[in-house]
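J.:
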Amino acid sequence: MQRIKSTYLWLLLLLLPILAQAQLNGNYIIAGRIVDDKGEALPGASIQIKNTSFGATTDSTGHFELTTNTKFPYRLVIRLIGYQPQEFEVRNSNSRLQIQLYTQSLLVNEVVVSASRQQEKLLKSPVAIEKLDIRALKSTPAASFYDAIGNLKGVQMTTAGLTFKVFNTRGFNVPNNFRFMQLVDGVDNQAATLGVPLGNAIGPTELDILSVEVTPGASSALYGMNAINGMSNLVTKNPFQYQGLSVMQKVAFNHFDGKGSSPKPITETAIRYAQAINDKWAFKVNFSYMKGTDWYADSHNDFNPQSKANPDFPQLSGADNIANDAWNKYADQTDIAIKDKDGRAYNVHRTGYWEKDLVGDYGVKNVKADAALHYKISPKLELSYAYRVGLMDGFFQRGNRIGLKNVLVQNHKLELVHNDFTLRSYVSIENTGDSYNMNPLADNLEKSFKSDNQWKADYTTALNNALTADPGDLVAAHRAARAAADNGRWTPGTAAFDAQVAKIKSINDWDIYPVSKDSTNKSGGAALLQMSRFYHTEGTWNLRQYVHFADVLIGADYRTYEIIPDGNNFVDFTRSLDKRNQPGGKHIWYGKVGGFVQASKTFFNDAIKLTGSLRYDKNQEFGGKINPRIAAVYTTKDQKHNIRVSWQNGFRFPSLFEAYSFVNNGQVRRVGGLAFIEDGLGYFKNSYLTSTVTAFGTATNRTINANPGMTTENAAAQNASILKVANLDPIVPEQIHAFEAGYKSVLFDNKVFVDVDGYYNSYKHFIGQVEVAVPQSGDVNNPTSDVLLQMLDKNKQNRYRVWTNSKSTVQNYGAAVALSYNFYKTYTISGNVNYNKLAQDKTKDDALIPGFNTPRWFTNVSFGNRAVLPNVGFNIVWHWQDTFYWQNLFGNGDVPAYNTVDAQVSYQLPKLSTTIKVGGSNILNTAYFQYVGGPTMRGLYYVTITYDGVFKKKASN
Numbered sequence: 009m010q011r012i013k014s015t016y017l018w019l020l021l022l023l024l025p026i027l028a029q030a031q032l033n034g035n036y037i038i039a040g041r042i043v044d045d046k047g048e049a050l051p052g053a054s055i056q057i058k059n060t061s062f063g064a065t066t067d068s069t070g071h072f073e074l075t076t077n078t079k080f081p082y083r084l085v086i087r088l089i090g091y092q093p094q095e096f097e098v099r100n101s102n103s104r105l106q107i108q109l110y111t112q113s114l115l116v117n118e119v120v121v122s123a124s125r126q127q128e129k130l131l132k133s134p135v136a137i138e139k140l141d142i143r144a145l146k147s148t149p150a151a152s153f154y155d156a157i158g159n160l161k162g163v164q165m166t167t168a169g170l171t172f173k174v175f176n177t178r179g180f181n182v183p184n185n186f187r188f189m190q191l192v193d194g195v196d197n198q199a200a201t202l203g204v205p206l207g208n209a210i211g212p213t214e215l216d217i218l219s220v221e222v223t224p225g226a227s228s229a230l231y232g233m234n235a236i237n238g239m240s241n242l243v244t245k246n247p248f249q250y251q252g253l254s255v256m257q258k259v260a261f262n263h264f265d266g267k268g269s270s271p272k273p274i275t276e277t278a279i280r281y282a283q284a285i286n287d288k289w290a291f292k293v294n295f296s297y298m299k300g301t302d303w304y305a306d307s308h309n310d311f312n313p314q315s316k317a318n319p320d321f322p323q324l325s326g327a328d329n330i331a332n333d334a335w336n337k338y339a340d341q342t343d344i345a346i347k348d349k350d351g352r353a354y355n356v357h358r359t360g361y362w363e364k365d366l367v368g369d370y371g372v373k374n375v376k377a378d379a380a381l382h383y384k385i386s387p388k389l390e391l392s393y394a395y396r397v398g399l400m401d402g403f404f405q406r407g408n409r410i411g412l413k414n415v416l417v418q419n420h421k422l423e424l425v426h427n428d429f430t431l432r433s434y435v436s437i438e439n440t441g442d443s444y445n446m447n448p449l450a451d452n453l454e455k456s457f458k459s460d461n462q463w464k465a466d467y468t469t470a471l472n473n474a475l476t477a478d479p480g481d482l483v484a485a486h487r488a489a490r491a492a493a494d495n496g497r498w499t500p501g502t503a504a505f506d507a508q509v510a511k512i513k514s515i516n517d518w519d520i521y522p523v524s525k526d527s528t529n530k531s532g533g534a535a536l537l538q539m540s541r542f543y544h545t546e547g548t549w550n551l552r553q554y555v556h557f558a559d560v561l562i563g564a565d566y567r568t569y570e571i572i573p574d575g576n577n578f579v580d581f582t583r584s585l586d587k588r589n590q591p592g593g594k595h596i597w598y599g600k601v602g603g604f605v606q607a608s609k610t611f612f613n614d615a616i617k618l619t620g621s622l623r624y625d626k627n628q629e630f631g632g633k634i635n636p637r638i639a640a641v642y643t644t645k646d647q648k649h650n651i652r653v654s655w656q657n658g659f660r661f662p663s664l665f666e667a668y669s670f671v672n673n674g675q676v677r678r679v680g681g682l683a684f685i686e687d688g689l690g691y692f693k694n695s696y697l698t699s700t701v702t703a704f705g706t707a708t709n710r711t712i713n714a715n716p717g718m719t720t721e722n723a724a725a726q727n728a729s730i731l732k733v734a735n736l737d738p739i740v741p742e743q744i745h746a747f748e749a750g751y752k753s754v755l756f757d758n759k760v761f762v763d764v765d766g767y768y769n770s771y772k773h774f775i776g777q778v779e780v781a782v783p784q785s786g787d788v789n790n791p792t793s794d795v796l797l798q799m800l801d802k803n804k805q806n807r808y809r810v811w812t813n814s815k816s817t818v819q820n821y822g823a824a825v826a827l828s829y830n831f832y833k834t835y836t837i838s839g840n841v842n843y844n845k846l847a848q849d850k851t852k853d854d855a856l857i858p859g860f861n862t863p864r865w866f867t868n869v870s871f872g873n874r875a876v877l878p879n880v881g882f883n884i885v886w887h888w889q890d891t892f893y894w895q896n897l898f899g900n901g902d903v904p905a906y907n908t909v910d911a912q913v914s915y916q917l918p919k920l921s922t923t924i925k926v927g928g929s930n931i932l933n934t935a936y937f938q939y940v941g942g943p944t945m946r947g948l949y950y951v952t953i954t955y956d957g958v959f960k961k962k963a964s965n
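Quick note: the sequence shown, position 524, residue 532 per our numbering, numbers continuous.
1. What does the alpha-carbon distance come out to for the pair residue 10 and residue 615?
2. How would you label residue 956, buried or exposed, when you count the other beta carbons within 10 angstroms and need 16 or more for buried?
3. Does residue 486 come out as helix, strand or coil in the three-state DSSP assignment?
4. Can you list, in chain order, the residues of its chain with a C-beta nearer than 6 Å to that of residue 539? Leave out the 5 residues immediately preceding and following it.
5. Within the same chain, show all residues whose beta-carbon is closer than 8 Å to that of residue 521, passing over the 5 residues directly before and after it, in chain order.
6. Should residue 498 go down as buried or exposed, given a rule of 16 or more other Cβ atoms within 10 Å for buried?
7. Quick one: residues in its chain with C-beta nearer than 7 Å to the C-beta of residue 195, no 5 flanking neighbours on either side, listed in chain order?
8. With 16 as the cutoff for other CB atoms within 10 Å, does residue 80 come out buried or exposed?
9. Helix, strand or coil for residue 952 per DSSP?
10. Between the Cα of residue 569 and the Cα atoms of 629, 534, 620 and 607, which residue gives the shortest distance?
11. If you pair each beta-carbon of the stretch 593-605 with each one of the stretch 228-240, do three or more pairs fall below 8 Å?
12. Which residues in the same chain as residue 476 place their Cβ atom closer than 8 Å to its Cβ, once the five residues preceding and following it in sequence are excluded?
13. On the DSSP letters alone, give me the boundaries of the alpha helix (DSSP H) that residue 710 sits inside.
14. In this structure, what does DSSP give as the bridge partners for residue 622?
15. Quickly, what does DSSP pair residue 746 with across the bridge? List them, please.
16. Give every residue of the same chain whose Cβ lies closer than 6 Å to the Cβ of residue 819, excluding the five residues on either side of it in the sequence, and list them in chain order.
17. Short check: CB of residue 903 to CB of residue 335, under 9 Å?
18. Apart from the five residues on each side of it in sequence, which residues of its chain come closer than 7 Å, Cβ to Cβ, to residue 673?
19. Using CA atoms only, rank isn't needed, just tell me which of 537, 912 and 453 is closest to residue 496.
20. Can you grab the Cα-Cα spacing for the pair residue 459 / residue 357, in whole Å?
21. Under 7 Å Cβ to Cβ from residue 161, same chain only, skipping five residues before and after it: list those, please.
22. Looking only at DSSP bridge pairs, what is residue 887 linked to?
23. Are there 16 or more other CB atoms within 10 angstroms of the CB of residue 308, so buried, or fewer, so exposed?
24. Going by CA-CA distance only, name the one from 574, 442, 142 and 793 that's closest to residue 513.
25. Relative to the alpha-carbon of residue 135, which residue among 727, 653, 485 and 285 has its alpha-carbon at the smallest distance?
26. Tell me whether the stretch 732-747 and the stretch 777-791 touch, counting them as touching only if at least three CB pairs, one residue from each stretch, are closer than 8 Å.
27. Our contact map puts residue 66 next to residue 84 with C-beta atoms below 8 Å; I'd like the distance itself, whole angstroms only.
28. Using C-beta distances below 8 Å, list every residue in its chain close to residue 515, excluding the 5 sequence neighbours before and after it, in chain order.
29. Residues in its own chain within less than 8 Å of residue 547 by CB, not counting five upstream and five downstream?
30. With DSSP as the reference, label residue 105 as helix, strand or coil.
31. State the DSSP-derived secondary structure class of residue 292, mapped to helix, strand or coil.
32. Just tell me which of 695, 694 and 721 has its CA closest to the CA of residue 707.
33. Determine the DSSP secondary structure at residue 341, reduced to helix, strand or coil.
34. I believe residue 944 touches residue 907 by the beta-carbon criterion, under 8 Å. Please report the beta-carbon distance rounded to the nearest angstrom.
35. Output yes or no for whether 9 Å exceeds the beta carbon distance between residue 817 and residue 776.
36. Assign residue 876 to one of two classes, buried (16 or more other C-beta atoms within 10 Å of its C-beta) or exposed (fewer than that).
Following this line, the structure appears as structure tokens:
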């Protein structure tokens, strides 16, 4: 073996005894223990007899056993992530072996796959890529391995709840991130109609995860449609290599809020069993169950303060704001224009309902299971079938807050893997179960009690009566008016309220009669009932056996979505407008096909590696798009310094929701951006921006209040210039040009690892939503007084949230630096600093707000030692992020800066093959939130007990 000029960490493989002489029907046992140079156990190492399926994995104590009948001599292969794979020959059963394995102290030989869809060294990857191996995942102080991803360089983790977390890279973050692709063993983890990966709700368990790879930034040149902001791949353990029984039990507590309520328990149980039946067949089974109380979203911040809603009446502020629109109170966002007996004009909102009253106890669960059967056709060719299912509760946010209840996602995968090619086909099945949308739930609670028109009339009468009795107390008059108008409404905490909430949650029609075509629907509905399937087939083939001048990889994929119309979110567009919102009908099919070729070649004694790829994608609704990528990596002669540059072009086709949605929600219909959906509705060219309609209404009220006796018609005419025509266009694919440069190195005898990258992205046709108001009659391009008056009365408008494209170029840039230092035996300190900035061209007339939603600065620092004492390890992680401004159609506002500390101590019990881990996430119990409308989070403290046992693998004759 060629020794690399650096300091190595020496490993000692002790096989004691090496080969037991006991005969087991012609078989014999190999047993031993793998330790490091200090004698500490190394768990998770794989031991395999070369070119067979006979293998074992070391347990938490470093021990392993395997049973084989392989004839002498043969070679054992030892692998452990972060260490150089080694082979040695076993000649007979009397051998007493003592083997030294070489490894480097950091990531010199770490291998990744995701950056180029084939194995390559992490240091020489042509684009930025981050990796968590099994040792890092086991030592994380985060509440789960999935949370640990948020500590990687360039990664922004967003927590919607205990069961729903998404991550993003390089800006434009949303709680339902459809610009970032998440794979589990190569399978897309998204719930198609929800338009978002379901976090880890259907992903691997804590016991089955092997590694995580994250590629920040555009990856669509190789992965296609949804990877414009990056991609990740969660890799699980192969049952041939990782066999045995593992059990995990976690007990945790959250909600230490200091407000008198008791902490809430969280429990999670996981089981994994895997076995190689012989050298051809192996299987594994995983199961986990988590239950707890989710974080509460209960912000009383106001989107619509008095200074904005009723600037002429400063006394109507704070708790007396008659147009209050609280972050986590719903059905309180619609302006109702009211005039009192003295001619004063007000914007008034209905009272609405708090999220905590709509949700109840915030109890959530996540049940997930998977099973896989593997068959080795030959030593180089493996066929497998895998089934994965997840049942979850939780919360997430688009334009509204969504309560997920009994969401069921399943996928079936068939895969054929060879050293040179992979063929994979899978189907994903989604059913949103008993989920519901909180905005129509609250809105229909109000409307099923009293219509807006009736409530307005009652409020106005009571207001005038109170002003007649006491003309000088405007605040008291409005309080009395609200109390009178709300008299008899559904009251939280009563049996009647609970029954009405349950009824509305069960109805999949968000309108209420007479807007609803169902004359029996007097309550309205809020059910989020979506069912879909998507079918995907892909293959990659390395042509190394046939092409020798370069390393050439080709690939192709086909995907089609099948949406089952529910009559509310997705409809049968072949029906007429008045019949679209009926369940059933013709299914919606939305498909694409694509392929790529990639070639790489080294020059000047492997000092320079050039990689180029070209991808073509065709969607049934859009023309074909070409995505090229070129990259160069320069490696110095000593292999320590690696400099890379790359450029790529990428496209993102609109998601299902962006293309085909057609749902009425709180008198605002959400519509997909395809041209045919707009037929007969007029929102592209005959609409005003809703933001200007609101400003127009406030300005008209101020004119009336400043000029007693002026008619509404004249006041509207004076302020008509405030209204802005939307002038929208049908949706087209989003496009990105991405530039990146980076540097990776190992320094100071391999004790220091440095990783630096910078990027610049330029987006065209950025996809987002714009809310508009269409008059029920008339032309906004030549507005009459009647059109202006319609803009003052929501009941005379049709409002839409339209998926469309930005008219301006959206640009962002940033950089990240990561350092890791191994010092004094096995202590490690590491950290990363990340910078991201938006630079939008604002010279063009553009109503779409891109919503960068990313802190300019954020950082992570960790300090730990996995063997500070015999069988004892610890790890501490500090996270800080800067304040930033959040923008989306749910609402805009500041997200304050915050910092958290996670910590854990682990203790191994070698004789019991058990590890005890005690720790906490946010151990200082800091209260913070990550996005406007999201939950407030505090400390979570846990104890985890993991049994990781291996057993003798018996081979068939």
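From the three backbone atoms N, C-alpha and C, an ideal C-beta is built for every residue, glycine too.
None of the values given here were measured: they were computed from a predicted structure.
T.: Checking against the coordinates, here is how it stands:
1. With a pLDDT of only 36 at residue 10, under 50, the local geometry of the prediction cannot be trusted, and the value read off the model is given with reservation. Using only the alpha carbons, I get a separation of about 19 Å.
2. buried
3. helix
4. 439 and 572
5. 527, 528, 529 and 530
6. buried
7. 419, 421 and 434
8. exposed
9. strand
10. 629
11. yes
12. 349
13. 698-714
14. 605 and 636
15. 656 and 769
16. 770 and 847
17. no
18. 408, 445, 447, 448 and 518
19. 453
20. 13 Å
21. 138, 763, 824, 826, 840 and 842
22. 868 and 908
23. exposed
24. 442
25. 653
26. yes
27. About 13 Å; that fails the 8 Å criterion.
28. 529, 531, 532, 533, 534 and 535
29. 429, 430, 431, 432, 563, 564 and 565
30. Reliability of the predicted coordinates at residue 105 is poor, the pLDDT of 46 falling under 50, and the value obtained from them is presented with this limitation in mind. Residue 105 falls in the coil class under three-state DSSP.
31. strand
32. 721
33. coil
34. 15 Å between Cβ atoms; not a contact.
35. no
36. exposed
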